[in-house]
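J.: In our numbering, the protein residues as written are 96 to 671.
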């Protein structure tokens with residue numbers, strides 16, 4: 096199938112079989128046509144109409160849309176001077192901060208492709224993604240936690256060049272002085288790097304004279320973002336999200352909340368922008384609505400509640416663990432959360448008890464959505480106004496078709512009420528996996544993306560996830576792939592066999608658990624294994640439990656089997 100054909104239309108025909116139309120919100124048009132455009136036009140529009148409106152508030156410093164847009168123009172010109180053009184891959188290795196927003200849109204304006212990198216990744220994980228994505232330049236801060244990794248990658252020759260931004264320069268002047276005075280050890284002397292000749296300082300790059308050259312963007316074919324995901328196999332792959340994919344998904348999300356007013360909303364930016372959910376539903380959504388983003392560099396519960404209390408956000412996207420943490424704060428009643436109009440939960444299944452308790456304690460509606468990196472990411476959501484089915488992932492967004500396919504024959508659609516694999520068609524569906532045509536072909540059945548998730552649809556067109564085909568653990572909204580954890584454990588010299596499964600975790604939803612068989616005559620403790628894994632895996636991937644066994648269950652053909660271990664854990668966690 097030709098990807099251009101799949102992406103060309105921004106609407107999908109509406110046959111009578113679309114049961115969800117009978118339950119659709121009265122103020123949302125499922126068939127509304129959304130014309131694709133270059134993704135950076137959402138910032139251009141916001142700056143042109145709401146230039147004086149606050150775009151970001153970050154650690155006490157507020158920057159307007161006009162100022163952000165001006166910074167984007169300067170950085171775009173600087174990137175072009177460095178050679179960034181159509182198709183150049185530029186990595187963002189950043190926490191949430193205004194720098195992320197500026198470079199994100201500048202890379203797109205220069206014609207480049209944004210590659211999102213997780214700041215928690217190890218050097219090994221970063222090296223793999225840099226090579227696989229063909230990332231040429233990495234943007235980061237001079238914070239030791241980040242720059243040390245980038246410096247190693249430069250030294251190893253894995254990375255060609257880096258752009259480094261001063262973290263204190265992002266702070267109000269008084270805070271910047273105090274940071275250098277009391278937290279100077281957290282900063283790196285970038286100019287002393289052995290790779291200094293391949294490092295460009297943001298101050299110099301943004302001082303480039305002249306305006307950027309306009310670049311002709313074809314929204315349907317030009318890739319805006321490479322978003323890395325394990326897909327259904329656990330091998331990290333770059334989902335190619337075109338300008339049309341992301342731009343239209345933002346419009347789909349915007350259309351879902353017609354009561355929100357352009358230029359008057361505030362969005363809490365606590366989810367990390369490098370994650371596809373926050374990229375679309377926090378950052379790009381806020382820009383499209385000319386909303387103020389209350390940006391947090393990392394999640395600290397007390398700080399988040401204080402920011403809600405004082406900053407008065409009207410919208411808060413989050414993951415279930417975030418809402419659960421807020422609920423369990425011992426002094427929740429002392430914070431004013433009344434400014435929130437609604438909260439959107441994604442990234443993992445929202446437990447019913449968390450939803451109900453959050454709404455009861457805050458008076459704010461909490462709705463659940465569903466999506467994947469491959470769908471930019473939002474595919475379904477519960478209505479903000481109208482019927483909500485408890486435990487449901489809601490209805491398809493405008494222009495999106497959900498088809499449930501037979502688990503043994505994906506060419507056949509199942510009847511209503513039957514379990515089937517969730518397959519998605521719509522303008523937000525990716526162009527494919529970068530440099531992986533075979534995996535791309537396997538992921539589609541006609542125009543439909545196969546998700547590996549199993550769902551049922553009720554008579555009103557609401558969908559419910561009931562199982563997963565793919566071997567995947569969703570931990571605090573992040574995808575953790577057992578195969579990756581297993582491969583890292585296998586590198587320990589005492590390990591003979593290992594199986595990793597997901598177990599229920601009260602805080603994170605799910606967490607990895609490793610079952611290990613040691614080699615004869617070898618010994619190792621759980622602490623030994625954890626020390627071995629810490630430099631190889633991100634914190635979110637580290638097992639929450641390690642259990643040693645004399646033997647691990649296998650299938651009839653001798654393949655390690657997870658089924659028995661999952662059944663044991665389910666029985667163990669069942670209330671007596």
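No residue lacks a Cβ here, since even glycine has one placed at the ideal position from N, Cα and C.
What did DSSP end up calling residue 625 once you bin it into helix, strand or coil?
T.: Counting from 1 along the chain shown, the entry for residue 625 is found at position 530. Here residue 625 sits in helix by DSSP.
J.: Rounded to a whole number of angstroms, what is the C-alpha to C-alpha distance between residue 560 and residue 367?
T.: As a working note, residue 560 is residue 465 in the chain shown. As a working note, residue 367 is residue 272 in the chain shown. Approximately 25 angstroms, taken between the alpha carbons.
J.: Grab the span of the beta strand (DSSP E) containing residue 607 for me, first residue to last.
T.: Taking the chain shown and counting its residues from 1, the one referred to as residue 607 is at position 512. Counting along the chain, the beta strand (DSSP E) containing residue 607 begins and ends at 604-613.
J.: By alpha-carbon positions, which one of 663, 321 and 383 ends up nearest to residue 142?
T.: Sequence index remark: in the chain shown, residue 142 carries index 47 (1-based). The residue with the shortest Cα to Cα distance from residue 142 is 383.
J.: On the CB-based measure, 16 or more other CB atoms within 10 Å of its CB, does residue 511 come out buried or exposed?
T.: Counting from 1 along the chain shown, the entry for residue 511 is found at position 416. Exposed: under 16 other Cβ atoms inside 10 Å.
J.: Residue range of the alpha helix (DSSP H) that residue 195 falls in?
T.: Numbered from its first residue, the chain shown carries residue 195 at position 100. Start and end: 193-204.
J.: Taking residue 471 as the reference, give the member of 377, 601 and 386 with the closest Cα.
T.: The residue you call residue 471 lines up with position 376 of the chain shown. Taking only the C-alpha atoms, the option nearest residue 471 is 377.
J.: Cα separation between residue 600 and residue 547?
T.: Here residue 600 corresponds to residue number 505 of the chain shown, with the count starting at 1. Here residue 547 corresponds to residue number 452 of the chain shown, with the count starting at 1. Whole-angstrom Cα-Cα distance: 22 angstroms.
J.: Go through its chain and collect everything with a Cβ distance to residue 482's Cβ below 7 angstroms, but skip five positions before and after it.
T.: Taking the first residue of the chain shown as 1, we reach residue 482 at position 387. The residues are 118.
J.: At a cut-off of 7 angstroms, is residue 147 close to the ligand SAH when judged by its beta-carbon and the heavy atoms of the ligand?
T.: With respect to the ligand SAH, the structure offers nothing, as it holds no ligand at all.
J.: What number of angstroms, rounded off, separates the C-alpha of residue 211 from the C-alpha of residue 444?
T.: Counting from one through the chain shown, the residue named residue 211 turns up at place 116. Counting from one through the chain shown, the residue named residue 444 turns up at place 349. The straight-line gap from Cα to Cα measures roughly 24 angstroms.
J.: Just checking my contact of residue 489 with residue 463 at CB under 8 angstroms: how many whole Å lie between their CB atoms?
T.: Numbered from 1 along the chain shown, position 394 holds the residue referred to as residue 489. Numbered from 1 along the chain shown, position 368 holds the residue referred to as residue 463. Going by Cβ atoms, the distance from residue 489 to residue 463 rounds to 7 angstroms, so yes, they are a contact pair.
J.: Looking at the unbroken beta strand (DSSP E) that takes in residue 412, where does it start and where does it end?
T.: The sequence position of residue 412 within the chain shown is 317, counting from 1. Unbroken beta strand (DSSP E) run through residue 412: 410-413.
J.: When you compare each of 446, 494 and 361 to residue 690 by their alpha carbons, which one comes out closest?
T.: Residue 690 is absent from the structure shown; the chain starts at 96 and stops at 671.
J.: Rank 580, 602, 518 and 308 by C-alpha distance to the C-alpha of residue 418 and give the top, closest one.
T.: As a first step, residue 418 must be located in the chain shown, where it is residue number 323. Nearest of 580, 602, 518 and 308 to residue 418, Cα basis: 602.
J.: So, residue 180 versus residue 208, is the Cβ gap smaller than 8 angstroms?
T.: For the purposes of this step, residue 180 is taken as the residue at position 85 of the chain shown. For the purposes of this step, residue 208 is taken as the residue at position 113 of the chain shown. No, the Cβ-Cβ distance between residue 180 and residue 208 is not below 8 angstroms.
J.: Helix, strand or coil for residue 138 per DSSP?
T.: Sequence index remark: in the chain shown, residue 138 carries index 43 (1-based). Residue 138 falls in the helix class under three-state DSSP.
J.: In this structure, does DSSP put residue 386 in helix, strand or coil?
T.: Sequence index remark: in the chain shown, residue 386 carries index 291 (1-based). Residue 386 falls in the coil class under three-state DSSP.
J.: Which residue from 285, 258 and 474 puts its Cα closest to that of residue 343?
T.: Walking along the chain shown from the start, residue 343 turns up at place 248. Minimum Cα distance to residue 343 is reached at 474.
J.: Near residue 648, what residues of its chain come up, given a Cβ to Cβ distance below 6 angstroms and the 5 sequence neighbours on each side ignored?
T.: Here the question's residue 648 lines up with position 553 in the chain shown. Correct list, in chain order: 656 and 659.
J.: When DSSP builds the beta bridges, which residues end up paired with residue 528?
T.: For the purposes of this step, residue 528 is identified with residue 433 of the chain shown, where counting begins at 1. Per DSSP, 334.
J.: Which first and last residues belong to the alpha helix (DSSP H) in which residue 255 is found?
T.: Here residue 255 refers to the residue found at position 160 when the chain shown is read from its first residue. Segment: none, residue 255 is in no alpha helix (DSSP H) and carries neither H nor E.
J.: Which word fits residue 276, buried or exposed, when buried means at least 16 other C-beta atoms lie within 10 angstroms of its C-beta?
T.: As a first step, residue 276 must be located in the chain shown, where it is residue number 181. It counts as exposed.
J.: As an exercise, report each continuous alpha helix (DSSP H) stretch of at least 4 residues that is fully enclosed by the region 297-367, in chain order.
T.: Those alpha helix (DSSP H) runs which fall completely within the region 297-367 and span 4+ residues are 297-300 and 338-350.
J.: Between the alpha carbons of residue 447 and residue 498, how many angstroms are there, rounded?
T.: As a first step, residue 447 must be located in the chain shown, where it is residue number 352. As a first step, residue 498 must be located in the chain shown, where it is residue number 403. Going by the C-alpha atoms only, they are around 25 angstroms apart.
J.: Would you kindly work out how many angstroms separate the C-alpha atoms of residue 213 and residue 221, rounded to a whole number?
T.: Translated into positions along the chain shown, residue 213 becomes position 118. Translated into positions along the chain shown, residue 221 becomes position 126. Their backbone Cα atoms lie some 8 angstroms apart in a straight line.
J.: Less than 6 angstroms between C-beta atoms, sequence neighbours within five positions excluded: which residues of the same chain meet that for residue 652?
T.: As a position in the chain shown, residue 652 is number 557, starting the count at 1. For residue 652, the pLDDT reaches just 49, beneath the cut-off of 50, and the residue's location in the model is therefore unreliable, leaving the point undetermined.
J.: Residues in its own chain within less than 7 angstroms of residue 585 by CB, not counting five upstream and five downstream?
T.: Here residue 585 refers to the residue found at position 490 of the chain shown. Within the same chain, residue 585 has close Cβ partners 593.
J.: Return the Cβ separation of residue 37 and residue 363 in integer angstroms, given the expectation that the two are a contact with Cβ distance under 8 angstroms.
T.: The structure shown does not extend to residue 37, since the chain is modelled only from 96 to 671, so the question has no answer here.
J.: For residue 227, which of 407, 239, 254 and 236 has the nearest alpha-carbon?
T.: The residue you call residue 227 lines up with position 132 of the chain shown. Taking only the C-alpha atoms, the option nearest residue 227 is 254.
J.: Between the Cα of residue 403 and the Cα atoms of 414, 379, 371 and 436, which residue gives the shortest distance?
T.: Start at 1 with the first residue of the chain shown, and residue 403 comes out as number 308. The option with the nearest alpha carbon to residue 403 is 436.
J.: Around the C-beta of residue 370, are 16 or more other C-beta atoms found within 10 angstroms, so that it is buried, or is it exposed?
T.: The residue labelled residue 370 in the question sits at position 275 within the chain shown. Buried is the call here.
J.: For a test of the three-state rule: what should DSSP assign to residue 423, helix, strand or coil?
T.: Walking along the chain shown from the start, residue 423 turns up at place 328. Here residue 423 sits in coil by DSSP.
J.: CB residue 128 to CB residue 555, shorter than 8 angstroms?
T.: Here residue 128 corresponds to residue number 33 of the chain shown, with the count starting at 1. Here residue 555 corresponds to residue number 460 of the chain shown, with the count starting at 1. Contact: no.
J.: Measuring CA to CA, which of 317, 407, 123 and 246 is closest to residue 527?
T.: In the chain shown, counting from the first residue as 1, residue 527 sits at position 432. For the residues 317, 407, 123 and 246, the minimum Cα distance to residue 527 belongs to 317.
J.: Looking at residue 204 and residue 303, is the spacing between their C-beta atoms short of 8 angstroms?
T.: Position 208 of the chain shown, counted from the start, is the residue given in the question as residue 303. Position 109 of the chain shown, counted from the start, is the residue given in the question as residue 204. No, the Cβ-Cβ distance between residue 303 and residue 204 is not below 8 angstroms.
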